[in-house]
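Visitor:
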Amino acid sequence: MAPPRPSDALLRALPKTDLHVHLDGSLRASSLIDMAQSRGVKLPSYTVEGLHETVFKPTYASLPEYLEGFAYTCAVLQDPEALERAAFELAEDCIEEGVVYVEVRFAPQLHIHDGLSLDDIIRAVNRGLERAARTHAARVEATGEPAFQYGIIVCALRWFTGGFSKWYERLCGLFPDADEIEVFGLASLELARAAVRLRDDEGLPIVGFDLAGREDGYPAHDHRDAFRHAHRNFLKKTVHAGEAYGPESIFEAITELNAERIGHGYYLFSAEKCGGGVREPEAYVRALSEFVADRRITVEVCITSNLQTNPTLERVEDHVFGRMLAERISATLCTDNRLVSHTTVTREYRLACDAFQMTPSQLRNTIIHGFKRSFFPGSYAEKRAWVRQIIDYYDAVVAAHGFTGAWRG
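So the sequence shown is residues 7 to 415, counted in my numbering.
1) Relative to the C-alpha of L369, which residue among A337, Y386, A92 and A143 is closest?
2) Looking at the strands, I want to know which residues DSSP matches up with K279.
3) DSSP three-state call for R34: helix, strand or coil?
4) Taking the alpha carbon of A289 as the reference point, which residue from L274, R301, I303 and L57 has its own alpha carbon closest?
5) Am I right that P317 and C280 are in contact with their C-beta atoms under 8 Å? What's the rounded C-beta distance?
6) When you compare each of A92, D185 and D85 to R45 by their alpha carbons, which one comes out closest?
7) Within the chosen definition, does the stretch 132 to 150 reach the stretch 38 to 55 through at least 3 CB pairs nearer than 8 Å?
8) Kindly list the residues whose CB is nearer than 6 Å to the CB of Y156, restricted to its own chain and excluding five residues on each side of it in sequence; keep chain order.
9) Buried or exposed for D99, going by 16 or more other Cβ atoms inside 10 Å?
10) So what does A218 bridge to, in DSSP terms?
11) Taking contact to mean at least 3 C-beta pairs separated by less than 8 Å, is the stretch 16 to 35 in contact with the stretch 340 to 355?
12) My understanding is that D416 touches V351, with C-beta atoms under 8 Å, so please give their C-beta distance in whole angstroms.
13) Which runs of the alpha helix (DSSP H) spanning at least 4 residues fall entirely within the stretch 349 to 395, listed in chain order?
14) Measure the CB-CB distance between L294 and F240 and report whether it falls below 8 Å.
15) Between which two residues does the beta strand (DSSP E) carrying F112 extend?
16) Residues in the same chain with beta-carbon distance under 6 Å from A247, minus the five sequence neighbours each way, listed in chain order, please.
17) With distances taken from CA atoms, which of L96, A113, R111 and F112 is nearest V105?
18) For the alpha helix (DSSP H) containing A92, name the first residue and the last one.
19) Over what stretch of residues does the alpha helix (DSSP H) that includes D206 continue unbroken?
20) If we count the other Cβ atoms within 10 Å of its Cβ and call it buried at 16 or more, is F181 buried or exposed?
21) Below 8 Å between beta carbons: does that hold for I373 and L38?
22) Write down the C-beta distance between A130 and H229 rounded to the nearest angstrom, noting that I regard them as a contact closer than 8 Å.
23) Please identify the residue among W173, R203 and R329 whose C-alpha is closest to the C-alpha of V189.
24) So who's on the other strand from R267, going by DSSP bridges?
25) Measuring CB to CB, does V160 end up less than 8 Å from P114?
26) Which ranges does the alpha helix (DSSP H) cover as unbroken runs of at least 4 residues, wholly within the stretch 46 to 74, from first to last along the chain?
27) Determine which residues share a DSSP beta bridge with G157 and list them.
28) Which residues bound the alpha helix (DSSP H) around L177?
29) Relative to the C-alpha of L73, which residue among E262, A218 and A358 is closest?
30) Pull up the distance between the alpha-carbon of E151 and that of G408, whole angstroms please.
31) What's the C-alpha gap between E186 and I118?
32) If we ignore side chains and look at the alpha-carbon of each, how far apart do L313 and D324 end up?
33) G282 to I396, Cα distance in whole Å?
34) What residue range does the alpha helix (DSSP H) around H235 cover?
35) Could you tell me the alpha carbon to alpha carbon distance between A277 and V291, rounded to whole angstroms?
36) Determine the closest residue to C308 out of F76, D231, T79 and H270, with distance taken between C-alpha atoms.
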């Protein structure tokens with residue numbers, strides 16, 4: 007017998023997290039147009055409908071095509087006002103659909119130029135998020151809902167060229183004869199150092215360090231020094247891995263970079279994606295997935311994004327999240343890019359509930375995983391109290407929507 011289907015209203019009202027969302031992939035289309043017009047940035051279209059037809063499409067042929075839209079969003083996010091506005095509006099959109107904790111990630115080095123430093127970039131994003139949290143605080147007292155909170159994750163890139171930004175152009179120019187792998191690693195280390203400094207000296211809520219970009223040919227171990235610096239300074243770590251490459255990418259993220267969470271992890275169980283260096287792929291994948299499960303390494307699952315960038319994945323029902331549920335992997339649902347993927351956290355849960363007939367306990371656990379495995383910017387004692395508040399509120403929302411029994415803990 008199929009479990010009862012949660013209503014759209016219930017999914018929207020439940021307290022949720024988004025642990026994997028990129029700032030530059032989550033602008034409002036209307037705001038992108040407005041900022042482009044005021045800053046002289048050329049777009050393929052200046053209507054929301056036109057942008058959805060030409061750039062931010064429902065489906066993409068590949069991950070590179072999916073990433074093309076970031077050229078436009080990054081182009082407008084080159085001053086403090088734009089960065090603050092984008093962060094504020096992203097937080098507003100999260101709050102409006104019941105997301106009470108978000109970890110916003112972005113690569114600050116994509117926005118650096120002569121008039122804008124890395125410090126200024128992170129401060130501007132924080133101002134936008136902080137302003138949204140203050141605005142929401144007044145509503146909390148009236149409704150009793152959990153206060154909106156956030157953290158910032160800075161992204162290093164596995165690969166780049168001088169054309170990515172003025173900062174990258176200067177860095178490449180400084181080491182014209184160096185192996186490019188060394189330059190990539192140096193850029194990541196500089197970002198890790200800056201993140202720790204801004205967290206410790208200015209108290210900015212930088213809660214995590216990430217590695218994003220093309221996996222094939224650009225392995226995680228090239229950025230070992232940066233992640234060691236983060237690790238030694240108690241900065242938590244998540245890594246894009248298993249999004250467009252096989253299980254070894256996930257293994258490297260965990261063993262070489264000490265990743266506590268994995269972004270995407272789509273190929274966790276894909277023995278057929280193992281390289282020639284793996285002698286027994288089935289045994290390797292089984293051991294890897296067992297290790298991920300046992301160590302509670304949480305996977306940041308992005309269903310819609312994977313559907314858009316993986317041409318072999320045609321239906322939600324074929325997504326690996328179903329197997330993660332069956333094998334009790336610690337996983338939580340995320341948006342990746344709200345604009346580029348045309349999605350929300352509520353929509354991701356709607357897709358998963360319908361495709362995998364999630365039981366009440368599976369839905370509850372998946373949502374609570376997001377809170378428990380977040381990089382919450384507070385003490386351990388504060389986090390425990392916060393998670394308890396979230397669980398109590400979750401159960402109250404379920405009861406208020408007429409669901410009882412198995413829907414509550």
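Where is the CB? At the ideal position from N, CA and C, for every residue including glycine.
Guide: Taking the coordinates as given:
1) In the sequence shown, counting from the first residue as 1, residue 369 sits at position 363. Across the set A337, Y386, A92 and A143, the C-alpha of A337 shows the shortest separation from the C-alpha of L369.
2) Counting from 1 along the sequence shown, the entry for residue 279 is found at position 273. DSSP, once it has assigned bridges, lists no residue as partnering K279.
3) The count along the sequence shown starts at 1 and reaches residue 34 at position 28. Reduced to three states, the DSSP call for R34 is coil.
4) As a position in the sequence shown, residue 289 is number 283, starting the count at 1. Of L274, R301, I303 and L57, the smallest CA-CA separation from A289 is found for L274.
5) Position 311 of the sequence shown, counting from 1, holds the residue named residue 317. Position 274 of the sequence shown, counting from 1, holds the residue named residue 280. That belief does not hold up - the Cβ atoms of P317 and C280 are roughly 20 Å apart, past 8 Å.
6) Residue numbering aside, residue 45 sits at position 39 when the sequence shown is read from its first letter. Out of A92, D185 and D85, the CA that lies nearest to the CA of R45 is found in D85.
7) Fewer than three Cβ pairs drawn from the stretch 132 to 150 and the stretch 38 to 55 lie within less than 8 Å of each other, which leaves the two stretches out of contact.
8) Locating residue 156 in the sequence shown gives position 150, where the first residue counts as 1. Cβ-Cβ distances below 6 Å link Y156 to V108 and L135 in the same chain, with the five nearest sequence neighbours on each side left out; the list follows chain order.
9) Here residue 99 refers to the residue found at position 93 when the sequence shown is read from its first residue. By the neighbour-count rule (16 or more Cβ atoms within 10 Å), D99 is buried.
10) Position 212 of the sequence shown, counted from the first residue, corresponds to residue 218. Residue pairing by DSSP places A218 opposite L163 in a beta bridge.
11) With contact defined as three or more Cβ pairs closer than 8 Å, the stretch 16 to 35 and the stretch 340 to 355 are in contact.
12) Limits of the chain in this structure are 7 at one end and 415 at the other, which puts residue 416 out of reach.
13) Within the stretch 349 to 395, the alpha helix (DSSP H) runs of at least 4 residues that lie entirely inside it are, in chain order, 351 to 362 and 366 to 378.
14) Taking the sequence shown and counting its residues from 1, the one referred to as residue 294 is at position 288. Taking the sequence shown and counting its residues from 1, the one referred to as residue 240 is at position 234. Cβ distance not < 8 Å, so L294 and F240 don't count as in contact.
15) The count along the sequence shown starts at 1 and reaches residue 112 at position 106. For F112, the enclosing beta strand (DSSP E) has its first and last residue at V105 to F112.
16) The sequence position of residue 247 within the sequence shown is 241, counting from 1. By the criterion of a C-beta distance shorter than 6 Å, A247 is surrounded in its chain by S255, I256, A259 and I268, once the five residues flanking it on both sides are discounted.
17) Along the sequence shown, read from residue 1 onward, the residue named residue 105 stands at position 99. Measuring C-alpha to C-alpha distances from V105 to each of L96, A113, R111 and F112 identifies L96 as the nearest.
18) Locating residue 92 in the sequence shown gives position 86, where the first residue counts as 1. Looking at the DSSP string, the run of the alpha helix (DSSP H) that includes A92 is P86 to E102.
19) What you label residue 206 is simply residue 200 of the sequence shown in a count that begins at 1. Secondary structure note for D206: its alpha helix (DSSP H) is the uninterrupted segment E186 to E208.
20) For the purposes of this step, residue 181 is taken as the residue at position 175 of the sequence shown. Note on F181: under 16 other CB atoms within 10 angstroms of its CB, so exposed under the neighbour-count rule.
21) In the sequence shown, counting from the first residue as 1, residue 373 sits at position 367. In the sequence shown, counting from the first residue as 1, residue 38 sits at position 32. I373 places its beta carbon 8 Å or farther from that of L38.
22) For the purposes of this step, residue 130 is taken as the residue at position 124 of the sequence shown. For the purposes of this step, residue 229 is taken as the residue at position 223 of the sequence shown. Not quite, the Cβ-Cβ distance comes to about 26 Å (not below 8 Å), so this is no contact.
23) Indexing the sequence shown from 1 puts residue 189 at position 183. For V189, the nearest C-alpha among the options comes from W173.
24) Reading the sequence shown from its first residue, position 261 is the one you call residue 267. BP columns for R267 point to T244 and T304.
25) Locating residue 160 in the sequence shown gives position 154, counting from the first residue. Locating residue 114 in the sequence shown gives position 108, counting from the first residue. Yes; because the gap between Cβ atoms is below 8 Å, this pair is in contact.
26) Counting only runs of 4 or more residues that sit fully inside the stretch 46 to 74, the alpha helix (DSSP H) segments are 54 to 60 and 69 to 73, in chain order.
27) Taking the sequence shown and counting its residues from 1, one reaches residue 157 at position 151. For G157, which the question treats as bridged, DSSP gives the partners E109.
28) To locate residue 177, count along the sequence shown from 1; it is residue 171. Element bounds for L177: K172 to L180.
29) Mapped onto the sequence shown, residue 73 falls at position 67. Looking at E262, A218 and A358, the one whose alpha-carbon comes closest to that of L73 is A218.
30) Along the sequence shown, read from residue 1 onward, the residue named residue 151 stands at position 145. Along the sequence shown, read from residue 1 onward, the residue named residue 408 stands at position 402. Computed Cα separation, rounded: 18 Å.
31) The sequence position of residue 186 within the sequence shown is 180, counting from 1. The sequence position of residue 118 within the sequence shown is 112, counting from 1. Using only the alpha carbons, I get a separation of about 20 Å.
32) Residue numbering aside, residue 313 sits at position 307 when the sequence shown is read from its first letter. Residue numbering aside, residue 324 sits at position 318 when the sequence shown is read from its first letter. Rounded to the nearest angstrom, the gap between the Cα atoms of L313 and D324 is 10 Å.
33) Against the sequence shown, residue 282 aligns to sequence position 276. Against the sequence shown, residue 396 aligns to sequence position 390. Distance from the CA of G282 to the CA of I396, rounded to the nearest whole angstrom, comes to 46 Å.
34) Stepping through the sequence shown from its first residue, residue 235 is reached at position 229. For H235, the enclosing alpha helix (DSSP H) stretches over residues R230 to R238.
35) In the sequence shown, counting from the first residue as 1, residue 277 sits at position 271. In the sequence shown, counting from the first residue as 1, residue 291 sits at position 285. The straight-line gap separating the alpha-carbon atoms of A277 and V291 is approximately 6 Å.
36) Indexing the sequence shown from 1 puts residue 308 at position 302. Nearest C-alpha to C308: H270.
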